[in-house]
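Trainee: Just dropping this structure here.
Protein chains in written order, with the working numbering: chain A, 24 to 383; chain B, 267 to 1001.
See the structure below:
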């Protein structure tokens, strides 16, 4: 009796657990629009002579599910899969502020089958602080998938309705994930330009930073418009200032840097580090023709693939996802510009500057 | 709200959603039936396997497990007088007598429908909270969150009756473990000793798996079968299933007001951190007994008693989910693991959850009810037959669970070193259990540690370094007042009980051993619950009389008190040394980086000095126990067995777990079939045939797994022998 019921029970337990494992993998492989993984390659794929890919392609994301990077990867994967006729899976490798994923891809075989989606600012700051190896510029970046200006938001039902209200505060309070967050150089530039004292509170998770504005703990939070719209929380916040000289079509009511110059006589130049950009790259040492093929594939999706174009529209990324941002040289130039601006800004002492909170 | 409901239903009704519900219900049923295991173990084993899956489906799976385990636990309680989970002890009082008089089917139907009523009321309570929760959460900033975390840990520690000091110590160590790795407030890392894979902290999955899944296996592995078949007396179904089922349904209808009252009480008790199903079940059982006109029939096979036990037990899940989802403060082990699952799946809690991810909340609400419906139907139809699963030999169960635990811990982040943390956590968790430090306090501290420090530091920064900032605001003072009143209330109750009992406690051993407590019925019952909870396999009393002393587990070779006292003292000294190491390490960090770890480790050291002194001085232990609610530890944890024979057996299982880990690191997942076969053959002294069959079945499953999910499959560090299945894996650098 004992053995008769013990054996199936053990098998049942194991089967249930393994079933769950298989189910999770299936979910990764299932395209969002319902197209099957074995769909045939389309006729117009880039460089048809190149034998690539020759197996499963992994898109590594340096965060958990739900981030903009992860959303982008999960939007790309099924379309690339259909374009190439090979499996494309998204692999979340969170940790060490994206550097875990970076190192995982940097150490992969240089054959273009392992891709990495990240944030320019985060990687640039890692590079300045010397916490990534190989360096940021050595990575094979081949495109910026999405680019939007940073924007300051206050609570929609709070007392800060305009930039005037914000500047009227004796001390401006704002918070974010940490001292190495890419919003900090943006915010510091603003405070220094206006000579405003501030208190920076680190340690927030992305959602918590927004919540801290709603609870009244903080006056402002720095975010991008698409993220607010995608989360459906744009109604809870008021866009005060977009860090660009051009108005943002999603936040037309926000002031621009040009408005600031007109109204306050304060000149803040348009800088690369004011843009929240999401680059895509692959392992250093990957043959240039494969890197170009990868870039061409992304361009094909942006310009010709209707389901991907619809996905861009559904996710409030129209105007932020642009084919002119894709390409090896374009991206390397961008990386070089951001590196130079961070170096000029002086990331080494940023913690001390943020802790001081007082503008000299 | 309507669109969220529509979205949730559309997700649940997909094939994957239905599969998750079914799988969760079956796994919950099976784990609930196996004494010593429960929903938290099932969830923790499943958790890493779901990483990368759509969070909605993963959480649906967990909620279905959580919802169905307590009913699963009632089946062996009714049929063989052995509660599957601690919360099912009361079920034995009336369920088993009903089964013995040939009404097993009626009892199962009463149990299933009562669980369903409890689940529905709990889910409705949770659902009704949705419109107001955002406003409540907005009142909680960093300082309020800090105090809420302190409140949660304090309540969990307080719930370890007679063990509050050790509960606080365990909670403190949980906090300290959470500080290992990258600092989430300041740049830099702490307490990693230069080990790379600790940069992102102690891996949560590995720690939870080691503490919650492997430790129970250590104790089960020392026994021949999960249930002591000598004590368990299987009952059989009498004829007339349909008429019995009808009578069961009518029973629930007849006592519907009692069922509703018990459900509401269960929800309210569930909201309070640390109140588990066992407490909810007992409180409602005793209250219903007082209120009922047929109170004298309770304990003799009364359907009303069975309803009282089951409704509160299931309804408390809805209550426990409220602080979990709103503030990230879990109410019991199940919600603690669910919290871990939500965090691992990147589900933001609090206002972002209720504002932006309402379908997830509705999925949780519906999952509670639908999982319960499925398991009730399944359990009623198959319970008498499937409950024989409890006769499974531990020789088969232990290696399979250890295998799943190790695979799961690897899948969490594809780092093979994480499996070493499973073994370390298992050894540490085993020691904590043996010396009566509540593991759940440590886990809760670990889960909340980052949040606690973050909120503490943020409050200080915002108040520009003033500690007075921690004490500002009405909500803060409300939480502090409730916390102080809880401690004072517990102290007053303990004092009254001590006075009533005359000689409250006779503490003669380090493990609390020979307690002469003669407390009231609840206290006695609660001890019994704890005993069966931790022990796994302890049979309830034969006649199911509540309030009677339950027969304890056999304690072979027990006790040589001098040796046990030395061991307990030695363990406390080791913990003190670890606490001091954290304290000294904290002082080496610049600025505020070491502030919170320093404060926590300092407090832990002070508490440990008292614990150490009490371990060395029986008089001090007795004095502390008087203040702290009766007998110390042994009553709170019947698993503890420090006899040489038990230690040898436990050590053997731990050594096997370490061997499984080493084999996996070197030879990959395909080492497991060999190790499972070897374990069953060597430990079970069985013939080779069943060992080979189970090993071969596992091999087939793993090959399928490796083929279907190559990126999730660890092939081992040995040279490549079979592409993508055996050998050729790359072990990450340790330093």
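All C-beta atoms in this analysis are idealised placements derived from N, C-alpha and C, irrespective of residue type, glycine included. Quick caveat, the model's predicted, so the values are computed rather than measured.
From the DSSP output, in three-state form, read off residue 298 of chain A for me.
Mentor: strand
Trainee: So, does the region 464 to 481 of chain B touch the region 741 to 756 of chain B, judging by three or more C-beta pairs under 8 angstroms?
Mentor: no
Trainee: Using the three-state DSSP reduction, which class does residue 325 of chain B fall into: helix, strand or coil?
Mentor: helix
Trainee: Would you decide whether residue 421 of chain B is buried or exposed? Buried here means 16 or more other CB atoms lie within 10 Å of its CB.
Mentor: buried
Trainee: Quick check: is the beta carbon of residue 584 of chain B nearer than 8 angstroms to any beta carbon in chain A?
Mentor: no
Trainee: My output table needs one value for residue 243 of chain A: the three-state DSSP class, helix, strand or coil.
Mentor: strand
Trainee: For chain B, find out if any of its Cβ atoms is closer than 8 angstroms to the Cβ of residue 201 of chain A; answer yes or no.
Mentor: Yes, because at least one Cβ of chain B sits closer than 8 angstroms to the Cβ of residue 201 of chain A.
Trainee: Which residues, in order along the region 222 to 242 of chain A, keep a beta-carbon less than 9 angstroms from a beta-carbon of chain B?
Mentor: 222, 223, 224, 225, 226, 227, 228, 229, 230, 231, 233, 234, 235, 237, 238, 239, 240 and 241
Trainee: Kindly indicate which three-state DSSP category residue 177 of chain A falls into: helix, strand or coil?
Mentor: strand
Trainee: Can you give me the C-alpha to C-alpha distance between residue 549 of chain B and residue 127 of chain A, rounded to a whole angstrom?
Mentor: 53 angstroms
Trainee: Thinking C-beta only, is residue 633 of chain B closer than 8 angstroms to residue 532 of chain B?
Mentor: no
Trainee: Mind checking residue 17 of chain A: buried by the 16 CB within 10 Å criterion, or exposed?
Mentor: Since the first and last residues shown for chain A are 24 and 383, residue 17 of chain A lies out of range.
Trainee: Relative to the C-alpha of residue 690 of chain B, which residue among B/628, B/735, B/607 and B/471 is closest?
Mentor: B/471
Trainee: Residue 179 of chain A and residue 273 of chain A: beta carbons closer than 8 angstroms?
Mentor: Not in contact: residue 179 of chain A and residue 273 of chain A (Cβ atoms no closer than 8 angstroms).
Trainee: Strictly below 7 angstroms CB to CB, what residues from chain B border residue 114 of chain A?
Mentor: Near residue 114 of chain A (Cβ distances below 7 angstroms), the residues of chain B are 977.
Trainee: Check whether the Cβ of residue 703 of chain B lies closer than 8 angstroms to any Cβ atom in chain A.
Mentor: no
Trainee: Which runs of the alpha helix (DSSP H) at least 4 residues long sit entirely within the region 819 to 879 of chain B? Give them in chain order.
Mentor: 827 to 853
Trainee: By how many angstroms is the C-alpha of residue 341 of chain A removed from the C-alpha of residue 301 of chain A?
Mentor: When rounded, the distance between both Cα atoms is 15 angstroms.
Trainee: What is the DSSP secondary structure of residue 265 of chain A, counted as helix, strand or coil?
Mentor: strand
Trainee: Are the region 348 to 364 of chain A and the region 143 to 160 of chain A touching, with three or more C-beta to C-beta distances below 8 angstroms?
Mentor: yes
Trainee: Does residue 369 of chain A come within less than 8 angstroms of chain B when only Cβ atoms are used?
Mentor: no
Trainee: For a contact meaning CB atoms closer than 7 angstroms, what does residue 81 of chain A contact in chain B?
Mentor: Neighbours of residue 81 of chain A in chain B, taken as residues whose beta carbon is under 7 angstroms from its own, are 977 in chain order.
Trainee: Does any C-beta atom of chain B lie closer than 8 angstroms to the C-beta of residue 261 of chain A?
Mentor: no
Trainee: Just the chain A side, please: which residues come within less than 7 angstroms of residue 745 of chain B by C-beta, in chain order?
Mentor: Going along chain A, no residue has its Cβ under 7 angstroms from residue 745 of chain B, so there is no contact; the nearest lies around 16 angstroms.
Trainee: Using only the alpha-carbon positions, how far apart do residue 344 of chain B and residue 585 of chain B sit?
Mentor: 26 angstroms
Trainee: Does the region 243 to 255 of chain A come close enough to the region 195 to 214 of chain A that 3 or more CB-CB pairs lie under 8 angstroms?
Mentor: yes
Trainee: To the nearest angstrom, how far is the alpha carbon of residue 432 of chain B from that of residue 441 of chain B?
Mentor: Roughly 14 angstroms between the two C-alpha positions.
Trainee: Taking Cβ to Cβ, would you say residue 856 of chain B is nearer than 8 angstroms to residue 451 of chain B?
Mentor: no
Trainee: Against chain B, does residue 119 of chain A count as a neighbour if the rule is that its beta carbon must be under 8 angstroms from one of theirs?
Mentor: Taking Cβ atoms only, chain B reaches closer than 8 angstroms to residue 119 of chain A, which makes this a yes.
Trainee: Could you pull the DSSP bridge partners for residue 196 of chain A from this structure?
Mentor: A/222
Trainee: Looking at C-alpha atoms only, which residue of B/580, B/526 and B/270 is the closest neighbour of residue 545 of chain B?
Mentor: B/580
Trainee: If you run the structure through DSSP and keep just helix, strand and coil, what is residue 527 of chain B?
Mentor: helix
Trainee: For residue 488 of chain B, which option in B/967, B/917 and B/637 has the closest C-alpha, if you only look at C-alpha atoms?
Mentor: Ranking B/967, B/917 and B/637 by Cα distance to residue 488 of chain B puts B/917 first.
Trainee: I'd like to know if residue 196 of chain A contacts chain B, where contact means its C-beta is closer than 8 angstroms to some C-beta of that chain.
Mentor: yes
Trainee: Verify whether the separation of the beta carbon atoms of residue 354 of chain A and residue 167 of chain A is less than 8 angstroms.
Mentor: yes
Trainee: Which residue spans inside the region 104 to 183 of chain A form an unbroken beta strand (DSSP E) run of at least 3?
Mentor: 111 to 115, 137 to 140, 163 to 172 and 174 to 178
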